[in-house]
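K.L.:
According to UniProt numbering, the residues represented by the sequence shown are 1 to 443, in order.
We put the CB at the ideal spot given by N, CA and C, even for glycine.
Every value quoted in this text rests on a predicted model; they were computed, and no experiment measured them.
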Amino acid sequence: MENQEFDIAFTHATLLTGDPAQRELRDATLAVAKGQIAWLGPDLPEHARCKRIIDARGKVITPGFVNVHTHSILTMVRGVAADLGFAPSYTPGIPKGTQVSPEQARVLARLGALEALMFGSTLIGDNFVYADLTTEAMADLGMRLTPSWRIHDVDFTKVADGRWEYSTRIGAQLLQAGLDLADRWKDHPLVNVQLAAHAVDTCSDAFLREIAHASRERGLRVNTHLGQSRLEVERVRERTGKTSTEVLNDVGLLNERLLGGHCIYVTDSDIALMAGAGAHAVHIPKCNATSGRLAPTPKIKRAGINLALATDTQHGDMVELMRWALMTARVQEGAVNSDWQPQHAFHMATLGGANAVGMADRIGSLETGKDADLVMFDFGRPHLTPRTNALGTLVHTGQGRDVEMVMVNGSILVEGGRPTRVDMDEICAEAEQVCEALWRDAH
Ligand SMILES: [Zn+2]
Numbered sequence: 001m002e003n004q005e006f007d008i009a010f011t012h013a014t015l016l017t018g019d020p021a022q023r024e025l026r027d028a029t030l031a032v033a034k035g036q037i038a039w040l041g042p043d044l045p046e047h048a049r050c051k052r053i054i055d056a057r058g059k060v061i062t063p064g065f066v067n068v069h070t071h072s073i074l075t076m077v078r079g080v081a082a083d084l085g086f087a088p089s090y091t092p093g094i095p096k097g098t099q100v101s102p103e104q105a106r107v108l109a110r111l112g113a114l115e116a117l118m119f120g121s122t123l124i125g126d127n128f129v130y131a132d133l134t135t136e137a138m139a140d141l142g143m144r145l146t147p148s149w150r151i152h153d154v155d156f157t158k159v160a161d162g163r164w165e166y167s168t169r170i171g172a173q174l175l176q177a178g179l180d181l182a183d184r185w186k187d188h189p190l191v192n193v194q195l196a197a198h199a200v201d202t203c204s205d206a207f208l209r210e211i212a213h214a215s216r217e218r219g220l221r222v223n224t225h226l227g228q229s230r231l232e233v234e235r236v237r238e239r240t241g242k243t244s245t246e247v248l249n250d251v252g253l254l255n256e257r258l259l260g261g262h263c264i265y266v267t268d269s270d271i272a273l274m275a276g277a278g279a280h281a282v283h284i285p286k287c288n289a290t291s292g293r294l295a296p297t298p299k300i301k302r303a304g305i306n307l308a309l310a311t312d313t314q315h316g317d318m319v320e321l322m323r324w325a326l327m328t329a330r331v332q333e334g335a336v337n338s339d340w341q342p343q344h345a346f347h348m349a350t351l352g353g354a355n356a357v358g359m360a361d362r363i364g365s366l367e368t369g370k371d372a373d374l375v376m377f378d379f380g381r382p383h384l385t386p387r388t389n390a391l392g393t394l395v396h397t398g399q400g401r402d403v404e405m406v407m408v409n410g411s412i413l414v415e416g417g418r419p420t421r422v423d424m425d426e427i428c429a430e431a432e433q434v435c436e437a438l439w440r441d442a443h
């Protein structure tokens with residue numbers, strides 16, 4: 001261990017490791033070398049050399065948050081869409097993905113991704129239109145991505161008017177775009193492309209089978225909106241006589257590569273199907289609750305399904321979201337119990353997400369040998385004092401804006417609460433202009 005060289009070390013830190021073997025380390029040292037966590041201990045090893053040492057007294061360091069389902073472009077409907085309907089794509093009178101220009105998509109994707117990054121998401125699973133351009137724009141920020149094109153064969157220009165018309169031309173184009181994206185990024189260390197079957201109501205059975213085939217052939221994960229709305233459930237029931245989960249099972253998509261977003265309208269037998277298949281449930285508690293709905297997370301958890309956490313649209317704060325995950329579960333349990341404690345919400349936001357994206361061996365907890373994706377919080381603030389139980393305090397009163405530093409793969413991307421690689425003020429100003437134009441056109 002002598003003469004070890006580190007790029008950066010955090011000393012005297014409180015580490016919420018997320019590692020079930022040693023959850024919290026106090027007055028500890030974490031050192032990073034070549035993009036990985038190379039040392040965890042009370043002090044640096046003797047004779048270690050370190051290019052930079054950060055005194056992390058009063059700071060709390062966590063793994064980076066793994067935010068597996070976002071649509072950064074939909075920051076454009078923030079402050080409005082939440083009070084209108086359940087999902088922007090289905091709601092008349094507000095800007096749609098189909099109305100956004102390539103340049104507008106790029107600007108908005110940077111805004112959404114930057115928000116998530118500054119609030120501690122070191123990975124986002126972003127999915128929407130123009131994924132070729134937005135993936136580049138978001139990758140510029142230095143964060144980890146599991147991006148995907150929004151793939152469907154429904155004609156989305158008609159859905160908000162209540163017409164579900166499927167087109168093989170639209171489906172073929174979008175699936176090809178999704179596969180091209182995977183080819184384009186296949187060697188990038190921080191980008192793992194997924195396929196995004198938008199939802200069972202917006203993809204015909206035949207098209208879902210094509211996506212399942214591509215996922216199997218290429219080993220690509222598939223994310224989808226599963227049981228997101230009553231409308232979806234009714235449409236799918238009319239078309240197939242089945243639940244969305246049953247359709248996914250029949251077409252060969254319900255497996256360990258599937259990330260099912262929302263899981264609000266899932267029956268007990270759907271949950272059993274998901275558990276048997278090893279599919280992942282992506283919990284989106286704030287968006288769901290904002291539109292008056294709850295996912296049956298206590299049942300999902302009891303079935304042994306891996307739960308990940310995601311912000312989805314209109315906000316990017318995974319810290320606040322842990323609180324929503326905990327509270328929405330307790331509301332359903334009608335009590336405080338041992339199934340739903342801060343460590344469970346924390347697990348969903350970190351290792352649960354890493355597991356869902358197939359990267360639990362590399363990210364999701366602070367362990368030596370894992371990639372150095374981490375977040376440092378400034379706990380020297382009234383609402384985060386005392387640190388008697390740092391995790392309890394983080395989950396119950398922490399906010400994304402308490403994030404002081406974000407590191408991805410050993411690179412510092414946020415320091416002093418500001419991004420290091422991009423101009424935050426410019427990104428906000430550009431996005432403000434784009435949104436003004438989009439809303440003007442939508443009316
Ligand atoms: Zn979504």
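#1: Quick check: is any heavy atom of ligand 1 less than 8 angstroms from the C-beta of residue 465?
#2: For a test of your reading of the model: does the CB of Gly162 fall under 8 angstroms from any non-hydrogen atom of ligand 1? Yes or no.
#3: Would you please verify whether the beta carbon of Arg330 is less than 9 angstroms from any beta carbon of chain B?
#4: What three-state label does DSSP hand Gln173 in the structure shown?
#5: Using a threshold of 9 angstroms, state whether the C-beta atoms of Asp20 and Thr350 are closer than that.
#6: Who are the Cβ neighbours of Met118 in its own chain at under 6 angstroms, not counting the five residues just before and after it?
#7: Once the 5 residues before and after residue 469 are set aside, which same chain residues still bring their CB inside 8 angstroms of it?
#8: What beta strand (DSSP E) runs, 3 residues minimum, are completely inside the region 314-386?
#9: For Val336, does the count of other Cβ atoms within 10 angstroms reach 16, so buried, or fall short, so exposed?
#10: What three-state label does DSSP hand Glu5 in the structure shown?
#11: DSSP beta-bridge partners for His198?
#12: Specify which residues have a beta carbon nearer than 6 angstroms to any heavy atom of ligand 1, listing them in chain order.
#13: If Thr14 sits next to Arg26, beta carbons under 8 angstroms apart, how far is it from one beta carbon to the other, in whole angstroms?
#14: Nearest by alpha-carbon distance to Gly93: which of Glu367, Val77, Ser101 is it?
#15: Do you know whose CA, among Pro419, Val66, Met376, Arg418, lies nearest Gly398's CA?
#16: Look up Met143 in the DSSP assignment and say whether it is helix, strand or coil.
#17: Cβ atoms of Val251 and Arg209: under 9 angstroms apart, would you say?
#18: So, at 8 angstroms on beta carbons, what are the nonlocal neighbours of Leu254 in its own chain, with the 5 sequence-adjacent residues on each side left out?
#19: Please report how far the alpha carbon of Ser72 lies from the alpha carbon of Val159, in whole angstroms.
#20: For Arg381, I'd like the list of residues in its chain whose CB is within less than 7 angstroms of its CB, leaving aside the five on either flank, ordered along the chain.
#21: Grouping DSSP H, G and I as helix and E and B as strand, with all else coil, what is Gly392?
#22: Starting from Val107, trace the alpha helix (DSSP H) both ways and give me its first and last residue.
#23: Go through its chain and collect everything with a Cβ distance to Met1's Cβ below 7 angstroms, but skip five positions before and after it.
#24: Among Lys186, Val233, Arg257, which has the Cα closest to the Cα of Arg221?
P.N.:
With the structure as the only source:
#1: Nothing about residue 465 can be read from this structure; the chain reaches only from 1 to 443.
#2: no
#3: Here chain B cannot be found, since the structure has a single protein chain.
#4: helix
#5: The question names Asp, but residue 20 is Pro in the sequence shown. Contact: no.
#6: So the list reads Val414, once near-sequence residues are dropped.
#7: The structure shown does not extend to residue 469, since the chain is modelled only from 1 through 443, so no value can be given for it.
#8: 374-378
#9: exposed
#10: DSSP places Glu5 in strand when its eight states are reduced to three.
#11: Bridge partners of His198: none, in fact.
#12: His69, His71, His225, Gly261, Asp312
#13: 5 angstroms
#14: Val77
#15: Taking the Cα of Gly398 as reference, the smallest distance to any Cα among Pro419, Val66, Met376, Arg418 is reached at Met376.
#16: Assigned with DSSP and collapsed to three states, Met143 falls in coil, not helix or strand.
#17: Taking 9 angstroms as the cut-off, the Cβ atoms of Arg209 and Val251 count as close.
#18: Thr245, Leu248, Leu273, Met274, Ala277, Ala279
#19: 21 angstroms
#20: Asp402
#21: The three-state reading of DSSP puts Gly392 in helix, counting H, G and I together.
#22: 102-118
#23: Only weak support exists for where Met1 lies, its pLDDT of 48 falling under 50; the value from the coordinates is given anyway. Excluding residues within five positions, the ones whose Cβ falls inside 7 angstroms are Pro45.
#24: Arg257
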